[in-house]
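Peer 1: Dropping a structure here in structure tokens format, bear with me for questions.
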Amino acid sequence: MDKFLIDGNTSLTGEIEICGAKNSAVAILPATLLVNGTITLENVPNISDISKICDILKVLGAKVEWTAKNTVVIDSRNITTVHAPLDSTREFRASYYFLGALLSRFHEAEIGLPGGCKIGQRPIDQHIKGFEALGGTVEVANKVYAKADKLEGTSVYFDVISVGATINVMLASVLAEGVTTLSNVAKEPHVVDVANFLNKCGANIIGAGTEEIKITGVDKLEGNYTYSIVPDQIEAGTFMCAAVATRGDILIKNCIPEHMLPLTTKLIDIGATVEEKGDSIRVYMEKDKSIQPTNVTTAPYPGFPTDLQPQLGVCLALADGKSVITENIWQSRFQYTVELNKMGADITDRGTSALFNGVPQLKGAQIEASDLRAGAALIIAALAADGQTELSNIHFVDRGYEGVEEKFRKLGANIQRV
Ligand code: EPU
Numbered sequence: 000m001d002k003f004l005i006d007g008n009t010s011l012t013g014e015i016e017i018c019g020a021k022n023s024a025v026a027i028l029p030a031t032l033l034v035n036g037t038i039t040l041e042n043v044p045n046i047s048d049i050s051k052i053c054d055i056l057k058v059l060g061a062k063v064e065w066t067a068k069n070t071v072v073i074d075s076r077n078i079t080t081v082h083a084p085l086d087s088t089r090e091f092r093a094s095y096y097f098l099g100a101l102l103s104r105f106h107e108a109e110i111g112l113p114g115g116c117k118i119g120q121r122p123i124d125q126h127i128k129g130f131e132a133l134g135g136t137v138e139v140a141n142k143v144y145a146k147a148d149k150l151e152g153t154s155v156y157f158d159v160i161s162v163g164a165t166i167n168v169m170l171a172s173v174l175a176e177g178v179t180t181l182s183n184v185a186k187e188p189h190v191v192d193v194a195n196f197l198n199k200c201g202a203n204i205i206g207a208g209t210e211e212i213k214i215t216g217v218d219k220l221e222g223n224y225t226y227s228i229v230p231d232q233i234e235a236g237t238f239m240c241a242a243v244a245t246r247g248d249i250l251i252k253n254c255i256p257e258h259m260l261p262l263t264t265k266l267i268d269i270g271a272t273v274e275e276k277g278d279s280i281r282v283y284m285e286k287d288k289s290i291q292p293t294n295v296t297t298a299p300y301p302g303f304p305t306d307l308q309p310q311l312g313v314c315l316a317l318a319d320g321k322s323v324i325t326e327n328i329w330q331s332r333f334q335y336t337v338e339l340n341k342m343g344a345d346i347t348d349r350g351t352s353a354l355f356n357g358v359p360q361l362k363g364a365q366i367e368a369s370d371l372r373a374g375a376a377l378i379i380a381a382l383a384a385d386g387q388t389e390l391s392n393i394h395f396v397d398r399g400y401e402g403v404e405e406k407f408r409k410l411g412a413n414i415q416r417v
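Under numbering that gives the first Met the number 0, the final residue of the sequence shown carries the number 417; numbering is consecutive throughout.
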């Protein structure tokens, strides 16, 4: 198992380019199964979850060809099976999008029960509720099998706001007969991106990014289109937090500042300077200025994203005073605080909230990542700490960050994969 050795006392400075959004790409690649033709996707992040999706697409009969580092061409004209490989679909969460896409186009789909980072209970009841409302039947055991004689437009009110269920039921209804209305939906930028992609191929979806999404079924989706994935809001936010925690100065290019607003506001509150210019954001924190404490509550977009909670948590662990983070999306997203405490932080996990009693300095330690965003946060902590840190379980980080060590090195970090 690979580990990172990370030298501390590093003030990150310089500029980096943000990749396409992982949580958008993991939906849009399976969504190409809806298209009877060839799709060229640009700005696709080169991360392990995407490699797994490409392998699954090939098993299903799609042709998948990388024509550049971040460009993939997918031809789904000759799909040969609707049974996705059970083992590999169990390895990550977003494999649930194969259900919606295959059910939509072929009226039948099978995947292994989706796995993914262990950050709390991750039911798929809302996905199933949507598929059943459209006319499907769904059997769940250690695999999920969905079937429909016919999919018909309907109204679905989700009991909880779910990114996955919103996108998946949108996929399933694109080719259904009639109009489907989805309410209490997720409004994340990646929900909008998936809708934009589908519309480009001929779908009729309005309202993505608002309270209600209306999908008017069409007969088919056509190919021969090129689509560029939206920049990754969470990767951008990770480097923004890294600039603050290491008291550095980073220009983050190829991002959408509007998507960053919940984080930008918090970083300004705690003393950072944030400058927005076109599709770039510069974040800097003066070396002798103390980080101010604040309280944060995670919520669906446009609230503060749970996927940036651990990275901001590192800043607050170093603040001059007490902060409280309340986590409303996942039950187990404070596992990184145990590792931060090994580095000298003073954080008390109280279940849905954690009390951060800021300390002036962290120190290097042997720590491990419990999940993707925890891993990213611990890299930031290690760079800010005194001494060297050994971070294990870094395969979690590879799931969601392209070339993570190269990017940190470009900003002056001494980080080695061993
Ligand atoms: N939920 C249900 N039933 C469902 C679906 C969700 O009760 O059928 C609950 C979940 O338990 C959770 C809440 O609803 O409490 C929100 O879950 P959501 O469905 O929005 O999460 P997801 O689609 O499984 C995606 C991202 C996560 C991100 C969340 C929230 C992907 C592949 N994953 O997960 O990203 O935290 O939305 O924004 O898009 C990450 O990138 O590190 C990551 C975990």
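Every residue, glycine too, gets a C-beta built ideally from N, C-alpha and C.
1) Short of 8 Å in beta carbon distance, which residues of its chain neighbour residue 318, apart from the five on each side in sequence? Order them along the chain.
2) Pick helix, strand or coil for residue 230, following the three-state DSSP scheme.
3) Kindly list the residues whose CB is nearer than 6 Å to the CB of residue 229, restricted to its own chain and excluding five residues on each side of it in sequence; keep chain order.
4) Return the residue from the list 360, 195, 338, 383 that minimises the CA-CA distance to residue 320.
5) Residues bridged to residue 146 by DSSP?
6) In the DSSP output, which residue or residues are listed as bridge partners for residue 366?
7) Is residue 165 helix, strand or coil by DSSP?
8) Could you compute how far the alpha carbon of residue 95 sits from the alpha carbon of residue 110?
9) Kindly provide the ranges of any beta strand (DSSP E) runs that are 3 or more residues long and lie completely inside the region 2-43, ordered along the chain.
10) What is the C-beta distance between residue 313 and residue 200, in whole angstroms, given that I count them as a contact (C-beta under 8 Å)?
11) Going by the C-beta, is residue 270 closer than 8 Å to any heavy atom of ligand 1?
12) Can you give the Cα-Cα distance for residue 168 and residue 49, rounded to whole angstroms?
13) Closer than 8 Å: is that where the CB of residue 126 sits relative to any heavy atom of ligand 1?
14) Starting from the Cα of residue 297, find the closest Cα among 316, 273, 323, 276 and give me that residue.
15) Please name the residue in 75, 401, 326, 329 whose C-alpha comes closest to that of residue 105.
16) Output yes if chain D places a C-beta closer than 9 Å to the C-beta of residue 50; else output no.
17) Using DSSP's beta-bridge definition, name the partner residues of residue 407.
18) Whose C-beta lies closer than 6 Å to the C-beta of residue 70 among residues of the same chain, with five residues either side of it excluded?
19) Using a threshold of 8 Å, is the CB atom of residue 281 nearer than that to any non-hydrogen atom of ligand 1?
20) With three or more C-beta pairs closer than 8 Å as the rule, is the region 234-249 touching the region 53-73?
21) Which of the three DSSP states is assigned to residue 219 in this structure?
22) Would the beta-carbon of residue 249 fall within 9 Å of that of residue 410?
23) Since residue 99 and residue 79 are thought to touch, with beta carbons under 8 Å apart, how far apart are those beta carbons, to the nearest angstrom?
24) Once the 5 residues before and after residue 309 are set aside, which same chain residues still bring their CB inside 6 Å of it?
Peer 2: Taking the coordinates as given:
1) In chain order, 269, 289, 290, 291, 292, 293, 355, 357 place their CB closer than 8 Å to the CB of residue 318, counting only its own chain and leaving out the 5 sequence neighbours on each side.
2) Look at residue 230 here: in three-state DSSP terms it is strand.
3) Apart from sequence neighbours up to five positions away, the residues of its chain that approach residue 229 with a beta-carbon distance below 6 Å are 20, 23, 188, 192, ordered along the chain.
4) Considering only alpha carbons, the answer is 360.
5) DSSP, once it has assigned bridges, lists 107, 136 as partnering residue 146.
6) The secondary-structure analysis by DSSP pairs residue 366 across a beta bridge with 390.
7) Helix, per DSSP.
8) Rounded to the nearest angstrom, the two C-alpha atoms are 7 Å apart.
9) Taking 3 residues as the minimum length, the beta strand (DSSP E) runs contained wholly in the region 2-43 are 2-6, 12-16, 37-41, in order along the chain.
10) Between residue 313 and residue 200 the beta-carbon gap is near 40 Å, outside 8 Å, which marks them as no contact.
11) Not so, every heavy atom of ligand 1 lies at least 8 Å from the Cβ.
12) Rounded to whole angstroms, residue 168 to residue 49 spans 21 Å at the Cα level.
13) Result yes, Cβ under 8 Å from ligand 1.
14) Of the candidates 316, 273, 323, 276, the residue whose Cα lies closest to the Cα of residue 297 is 323.
15) Proximity to residue 105 across 75, 401, 326, 329 peaks at 75, based on C-alpha coordinates.
16) No chain D appears in this structure, which consists of one protein chain only.
17) Per DSSP, none; premise fails for residue 407.
18) Non-local beta-carbon contacts of residue 70 in its own chain, meaning distances under 6 Å to residues more than five positions away in sequence, involve 41 in chain order.
19) No, Cβ of residue 281 sits at least 8 Å from all heavy atoms of ligand 1.
20) With the cut-off at 8 Å, the region 53-73 and the region 234-249 do not touch.
21) Residue 219 falls in the coil class under three-state DSSP.
22) The answer is yes: Cβ separation under 9 Å.
23) Not a contact, Cβ separation roughly 19 Å.
24) These residues qualify, in order along the chain: 335, 372, 373, 376.
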